[in-house]
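Reading through the structure tokens given below for one structure.
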Amino acid sequence: MGSTAQFVILGMLSKEPMTGYDIRKRVKTRMGSFWDINYGQIYPTLRTLEKKGEVTKKVEIMENRPNRKVYSITNKGLNELKKWLLKPAEPESAKIETLLKVAFGEHLSKDEIIKHINEFKARNISRLEDASNIEKEMKAQLKKNEKYFFPLLTFSLGKSLHKAGIEWADTAIELIEKHKNFTKLYENGKNKISKIN
Numbered sequence: 061m062g063s064t065a066q067f068v069i070l071g072m073l074s075k076e077p078m079t080g081y082d083i084r085k086r087v088k089t090r091m092g093s094f095w096d097i098n099y100g101q102i103y104p105t106l107r108t109l110e111k112k113g114e115v116t117k118k119v120e121i122m123e124n125r126p127n128r129k130v131y132s133i134t135n136k137g138l139n140e141l142k143k144w145l146l147k148p149a150e151p152e153s154a155k156i157e158t159l160l161k162v163a164f165g166e167h168l169s170k171d172e173i174i175k176h177i178n179e180f181k182a183r184n185i186s187r188l189e190d191a192s193n194i195e196k197e198m199k200a201q202l203k204k205n206e207k208y209f210f211p212l213l214t215f216s217l218g219k220s221l222h223k224a225g226i227e228w229a230d231t232a233i234e235l236i237e238k239h240k241n242f243t244k245l246y247e248n249g250k251n252k253i254s255k256i257n
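Quick note on numbering: the numbering used here labels position 58 of the sequence shown as 118, and the sequence is numbered without any gaps.
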């Protein structure tokens with residue numbers, strides 16, 4: 061049926077016509093807590109969707125800067141989006157590199173592992189602040205336009221995930237600090253690496 065990227069793009073264009081840049085910016089600000097799409101996916105996918113007749117492109121001539129390519133969804137594209145929306149969602153998968161590093165934490169000193177966890181916490185604090193600011197803007201817009209209702213629903217989960225990340229980081233650091241045998245774990249991990257080398 062196609063890649064998820066095509067449906068992200070069709071979904072964004074179902075709201076209003078946009079350029080590839082606009083799509084990337086909207087996905088990052090409105091869906092960044094649970095989805096990402098890059099320019100390397102956007103532009104080839106837009107070309108494919110245009111060939112399939114699911115989007116149309118209008119070139120806006122600009123003075124003193126590159127022309128804008130504005131894409132709009134067609135009825136065919138809207139039908140494809142609706143078909144995809146009705147299908148069951150794929151099981152969620154989380155890829156959190158910090159947790160990978162923690163999983164192999166016996167090869168890190170206490171300070172090194174705590175540094176990773178603090179960086180993870182800082183990212184979640186920053187994302188929570190960003191999400192809260194965007195949520196405020198969207199709530200203000202919701203009074204004028206109902207189209208912001210469903211994006212606001214996604215923000216509540218995104219905020220909860222960031223709060224959970226912050227809470228986990230605090231708990232993990234506390235447990236590491238209290239762990240009586242942390243140094244022994246680290247020494248065992250270090251010894252394993254030196255034996256391999």
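Quick reminder that beta carbons are idealized off the backbone N, C-alpha and C, glycines included.
Residue i (DSSP reduced to helix, strand or coil)
i, result
"Glu227", "helix"
"Thr134", "coil"
"Arg183", "helix"
"Arg84", "helix"
"Arg125", "coil"
"Thr105", "helix"
Cβ-based neighbour list, residue i, same chain, cut-off 7 Å, excluding 5 preceding and 5 following
i, result
"Glu150", "none"
"Glu140", "Leu70, Glu114"
Assigned exposure category for residue i - 16 Cβ within 10 Å defines buried
i, result
"Met78", "buried"
"Lys181", "buried"
"Gly218", "buried"
"Gly113", "exposed"
"Tyr99", "exposed"
"Thr231", "exposed"
"Asn184", "buried"
"His239", "exposed"
Contact check, residue i vs residue j, beta carbons under 8 Å
i, j, result
"Leu106", "Ile69", "yes"
"Lys199", "Leu212", "yes"
"Ile173", "Ile121", "no"
"His176", "Lys196", "no"
"Ser93", "Ala229", "no"
Own chain residues within Cβ distance below 8 Å of residue i, not counting five before or after
i, result
"Ala65", "Ile97, Gln101, Ile102, Thr105"
"Lys207", "Lys75"
Chain C contact for residue i (CB, 8 Å cutoff)
i, result
"Ser132", "The structure shown contains no chain C; it is built from a single protein chain."
Contacts around residue i, its chain only, beta-carbon distance under 6 Å, and the 5 residues preceding and following it disregarded
i, result
"Asp82", "none"
"Lys117", "Glu110, Lys129, Tyr131"
Whole-angstrom distance between residue j and residue i, CA atom to CA atom
i, j, result
"Met61", "Lys111", "Caution applies to Met61, whose pLDDT of 48 falls short of 50 and renders its modelled position unreliable; the value that the coordinates give is listed next. Distance between the alpha carbons of Met61 and Lys111 is about 15 Å."
"Leu146", "Asn124", "44 Å"
"Ser220", "Glu76", "28 Å"
"Thr89", "Gly80", "14 Å"
"Glu189", "Trp95", "17 Å"
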